[in-house]
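Per our numbering, the very first residue in the sequence shown carries number 103; after that it's consecutive. Cβ atoms here follow ideal geometry from the backbone N, Cα and C, with glycine treated the same way. Keep in mind that this is a model prediction, so the values were computed, not measured. Below: one structure, written as C-alpha cells.
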Amino acid sequence: MREIASFELPKWTEAQKPHASLVLAGSAPPALSIQNLVSLSTDRPTTTQNLYIHTLPLSLGTPTGGESLRRAIAAVYEHETITSDHILTTTGTTDANAIVFQTLLRAEDHVIVMYPSYPQLYSLPGAIVDEVSLWRFFPSEKSEEEQIRQLEEMIQPNTRMIVLNDPNNPIGTVLSSGLRERIITIAQEKKIIVFVDEIFRPIFYDKNKNSIDERSACTIADNVIVTSSLSKAWALPGVRVGWIATRNSHLLGQCTNLRFYMTNSLGAFDEIVATEALSERIRPQILRRHLRWAQTSVSLLQAFVDEHPNTVSWVTRPVAGSMAFLKFTITANQAVDDVDFCMRLNKQTGVLLAPGSLCFGCQNGDFKGCVRINLMVMPDVMSQALMRIHGFLLGYLAA
103 MREIASFELP
113 KWTEAQKPHA
123 SLVLAGSAPP
133 ALSIQNLVSL
143 STDRPTTTQN
153 LYIHTLPLSL
163 GTPTGGESLR
173 RAIAAVYEHE
183 TITSDHILTT
193 TGTTDANAIV
203 FQTLLRAEDH
213 VIVMYPSYPQ
223 LYSLPGAIVD
233 EVSLWRFFPS
243 EKSEEEQIRQ
253 LEEMIQPNTR
263 MIVLNDPNNP
273 IGTVLSSGLR
283 ERIITIAQEK
293 KIIVFVDEIF
303 RPIFYDKNKN
313 SIDERSACTI
323 ADNVIVTSSL
333 SKAWALPGVR
343 VGWIATRNSH
353 LLGQCTNLRF
363 YMTNSLGAFD
373 EIVATEALSE
383 RIRPQILRRH
393 LRWAQTSVSL
403 LQAFVDEHPN
413 TVSWVTRPVA
423 GSMAFLKFTI
433 TANQAVDDVD
443 FCMRLNKQTG
453 VLLAPGSLCF
463 GCQNGDFKGC
473 VRINLMVMPD
483 VMSQALMRIH
493 GFLLGYLAA
C-alpha cells in the first residue's frame with residue numbers, strides 16, 4: 103500500500119472539539135445507553151434480562167459473527183434474498199470498507215468513486231490502485247442521462263470497482279431507483295464490482311420523493327457488496343459492530359479470509375448488545391426517533407435558509423442520511439472561506455461544523471464555502487445552534 107492521504111475530517115473534529123459546546127460536525131446521533139435500549143423496548147423484561155450487565159460475557163465472539171447477530175442484521179434488509187449466510191461482521195463500517203478494498207483491489211486496477219463521498223472511499227483505494235476516477239454526483243447539476251453517460255465514459259478495460267456512498271455523505275442525496283439499477287446493470291455487463299457504503303440506510307425521511315428506493319443495493323444483484331454498522335441509524339457507535347453484506351459467496355469468502363487476519367472476531371459483549379438493539383423489540387423505535395429528529399432539523403434548516411436568502415443556500419436539499427451540506431456566501435459570486443468561517447464560528451459561539459473544502463474536497467477549490475451539519479440531533483440543540491450561527495453571521499458579514 104502506498105502512502106495514504108491525510109484524513110482531515112476526524113483531525114478537524116478532534117482539534118476543534120475542546121472549544122465546542124454544540125458539536126454538529128459529526129454525522130451520528132447521541133449514543134444510546136443500555137438504559138435507553140431498555141426504555142425503548144416493547145418488551146422491557148426480556149431486554150433487561152438479555153442486557154443484564156453482570157452476566158454479559160467478556161469473551162470473544164464467533165469468528166464470522168454469531169448466528170443470532172447475523173440473523174438480526176439480515177432482518178434490517180427486509181428482503182427474502184438476504185439471510186445470515188450473506189453477512190460477515192466487522193468492527194464498524196470503517197473496518198468493513200478497508201477489508202473490501204484490501205481484499206478485492208489490486209495495484210493495476212482502476213476504480214471509479216462517487217464524489218463527494220466519505221473520504222475513506224476514495225483515499226483508501228487511492229493508496230492501493232494505480233488510478234481512481236471521481237464521478238461527480240450532484241443531482242441538481244445534471245440529468246440522470248448525463249450522469250450515466252459520464253460514468254460510462256470513465257470505464258476502462260481495467261476498471262475493477264464502482265464505489266457509491268448511498269445515502270450520500272455529505273450531501274444527503276439518494277440515487278434514484280432507475281439510476282442505481284442502470285449503474286448495477288452496466289457494471290454486470292462489464293464484470294465490475296459495485297461497492298456501496300450504506301451506513302446511513304435506512305434513514306429516508308423525505309417521503310415525497312417517489313423515486314427513492316429504500317431497498318439495499320445488495321438485494322438487487324450478485325455483483326454488489328455493501329457495508330454498514332450500528333453507529334449512525336442505530337446510535338451505537340461504541341458498540342463496534344459493522345458488517346459486509348453480499349449475495350456473492352465468492353466475494354464474501356475472500357473478505358472473510360482477510361478478516362481472520364485483521365480482527366479475528368468481535369467481542370461477545372458487543373455482539374449481545376447489537377443483537378438486542380436490532381431486535382424487533384427495539385429497532386423500529388430507534389429508527390422512528392432518528393427519522394423524527396432529521397425531519398425536524400431539515401425544517402429548521404429550511405427556515406434558516408429562507409431567512410438568509412443572500413447568504414445561505416442548500417448545495418442540494420437532503421432527503422436521507424444524517425447530514426446537510428450548506429453553502430455560505432458573502433456575495434453572489436464570493437463564497438466564504440469555509441475553514442476560517444467554521445474556526446471562528448466555533449471559537450466565538452461554541453458551534454462546531456465541518457468545513458467542506460477541507461474535510462470532503464480532494465481537488466483544490468472543491469466545496470469552498472460549504473459546511474456539513476449533523477441533522478440527527480435533538481430539536482432544541484439544532485434550534486440553539488442556528489440561533490448562534492445567525493448572530494455570528496451578522497458580525498461576520500459586517501467585518
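{"Query": "Through-space distance from ASP232 to GLN397, alpha-carbon basis", "Result": "41 angstroms"}
{"Query": "3 or more residues per run - each beta strand (DSSP E) lying fully within the region 117 to 203", "Result": "189 to 192"}
{"Query": "Close-in-space but distant-in-sequence residues of the same chain around SER333 (CB under 6 angstroms, 5 per side omitted)", "Result": "ALA130 and PRO339"}
{"Query": "CYS320 versus ILE257, ALA376 and ARG349, residue with shortest Cα-Cα distance", "Result": "ARG349"}
{"Query": "Under 8 angstroms between C-beta atoms of GLY463 and PHE430", "Result": "no"}
{"Query": "Spatial neighbours of GLN387 in its chain, beta-carbon cut-off 7 angstroms, leaving aside the 5 residues before and after", "Result": "LEU142"}
{"Query": "Cβ neighbours of ARG104 in the same chain (closer than 7 angstroms, five flanking residues each side left out)", "Result": "ALA229"}
{"Query": "The region 378 to 386 / the region 235 to 254 touching (three or more Cβ pairs under 8 angstroms)", "Result": "no"}
{"Query": "Runs of alpha helix (DSSP H) wholly within the region 196 to 245 (minimum 4 residues, chain order)", "Result": "222 to 228"}
{"Query": "Alpha carbon of LEU190 to alpha carbon of LEU354, nearest angstrom", "Result": "7 angstroms"}
{"Query": "CB-CB length for VAL341 against ALA376, believed under 8 angstroms", "Result": "5 angstroms"}
{"Query": "Whole-angstrom distance between GLU255 and ARG208, CA atom to CA atom", "Result": "22 angstroms"}
{"Query": "Where SER330 sits in the DSSP three-state scheme", "Result": "strand"}
{"Query": "Buried/exposed call for ALA434, threshold 16 Cβ in 10 Å", "Result": "exposed"}
{"Query": "As assigned by DSSP and simplified to three states, the class of SER279", "Result": "helix"}
{"Query": "Span of the alpha helix (DSSP H), counted from its first residue to its last, around VAL441", "Result": "440 to 451"}
{"Query": "Same chain, Cβ closer than 7 angstroms to PRO112, five either side skipped, listed in chain order", "Result": "none"}
{"Query": "For THR346, the residue or residues it bridges with in DSSP", "Result": "One point to set straight first is that residue 346 is Ile, not Thr, in the sequence displayed. Answer by DSSP bridge pairing, in chain order: LEU190 and THR329."}
{"Query": "Own chain partners of ASP440 with C-beta closer than 8 angstroms, once the 5 adjacent residues on each side are dropped", "Result": "PHE430, PRO457, GLY458, SER459, LEU460, PHE469, LYS470, GLY471, CYS472 and VAL473"}
{"Query": "Residues near LEU253 by beta carbon distance below 8 angstroms, same chain, minus five either side", "Result": "ILE214, TRP237, ILE264, ILE285 and ILE288"}
{"Query": "Reduced DSSP category for PRO304 - H, G, I as helix; E, B as strand; rest coil", "Result": "coil"}
{"Query": "Between the CA atoms of MET478 and LEU447 - distance to the nearest angstrom", "Result": "20 angstroms"}
{"Query": "At least 3 beta-carbon pairs within less than 8 angstroms: the region 407 to 425 vs the region 262 to 279", "Result": "yes"}
{"Query": "LEU455 versus THR196 - alpha carbon distance", "Result": "22 angstroms"}
{"Query": "Nearest neighbour of ASN270, chosen from GLU210, HIS156 and ARG419 [CA to CA]", "Result": "ARG419"}
{"Query": "Supposed contact pair GLY452 and SER123 - C-beta distance, whole angstroms, cut 8 angstroms", "Result": "4 angstroms"}
{"Query": "SER367 vs PRO159 beta-carbon contact at 8 angstroms", "Result": "no"}
{"Query": "Uninterrupted alpha helix (DSSP H) stretches inside the region 374 to 408 (no shorter than 4 residues)", "Result": "none"}
{"Query": "Cβ neighbours of THR413 in the same chain (closer than 7 angstroms, five flanking residues each side left out)", "Result": "PHE430, THR431, LEU495 and LEU499"}
{"Query": "Burial state of PHE203, where buried means 16 or more other Cβ atoms lie within 10 Å", "Result": "buried"}
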